[in-house]
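Inspection log for the structure reproduced underneath, given as structure tokens.
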Amino acid sequence: MQLLARFVDKILFATLFIASLQIPVLFDHYRQYLAGFYEATRQQVAQLDALAAQYGFASTDSLITHLSENSDPIVRQDAQAKAQLLRTLTDTEKGLAILQHGNYFQRVGYIFSPRRSATLSQVLENFTPALPLTINSVIYSLLLALLLNSLLLAPFWGCKTAYAWHKQRKQRLRIS
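Using our numbering, read the sequence shown as starting at 9 and increasing by one per residue.
See the structure below:
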């Protein structure tokens, strides 16, 4: 029985380690996806900047303010879309900074945030498993696998310890 338990523990750890090795690879895929999205958004904002300059506005924000004050509802709605585009560019810049310079846990928090579940789904559609090439990625993955393995097996260790304690107590009562 103990041999089977050790075998299951080793299989579980190996599975967790292989799965946790995919997280740094997912970071790279997500960063590449976000970089492409950022570039496309930046080009749209550059066009807005050029449009604002062409019509004598001090900035894109002043162009958007002018459009949002227009009496035509479609122009106001277009102004809201342009303002959303600027916010998207800012959010994407922050996300790229986290994915490029953040630590492991900041990256995990960013990618697996519920707000970004749609983006994560799109990235996962094109995800291909691989092995990370940096020592830090392997070490973080190993530590994560050890932690998850310990957390998953802790209830079984507790039951085993409680059973052993109960068995010893029962033997002591027989002796006395």
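Glycine included, every Cβ here is placed at the ideal spot set by N, Cα and C.
In the DSSP assignment, Ser125 falls within the unbroken alpha helix (DSSP H) covering 125-133. Per DSSP, Tyr63 is not a residue of any alpha helix (DSSP H), being assigned neither H nor E. Scanning Ile31, Gln88, Leu139 for the CA closest to the CA of Leu128 turns up Ile31.
Where Phe113 is concerned, the enclosing alpha helix (DSSP H) starts and stops at 112-119. Membership of Leu71 in the alpha helix (DSSP H) is indicated by the continuous run 68-76.
Under a 10 Å Cβ-count criterion, Ser28 is classified as buried, with 16 or more other Cβ atoms of the shown protein chains found around its own Cβ. One Cα belongs to Ala89, the other to Phe45, and the distance between them is close to 17 Å.
Listed in chain order, the alpha helix (DSSP H) elements of length 4 or more contained wholly in the stretch 10-67 are 10-62. Here the stretch 130-150 makes contact with the stretch 15-29; the two share three or more CB pairs at distances below 8 Å.
Its chain contains Thr49 as the residues whose beta carbon lies nearer than 7 Å to that of Thr96, once the 5 sequence neighbours on both sides are disregarded; these appear in chain order.
A direct Cα-Cα distance of roughly 11 Å separates Lys18 from Ala153.
If you draw a straight line from the Cα of Ala58 to the Cα of Ile143, it is about 45 Å long.
Secondary structure at Pro137: coil, using DSSP grouped into helix, strand and coil. Judged by pairs of C-beta atoms under 8 Å, the stretch 95-110 touches the stretch 118-126, as three or more such pairs exist.
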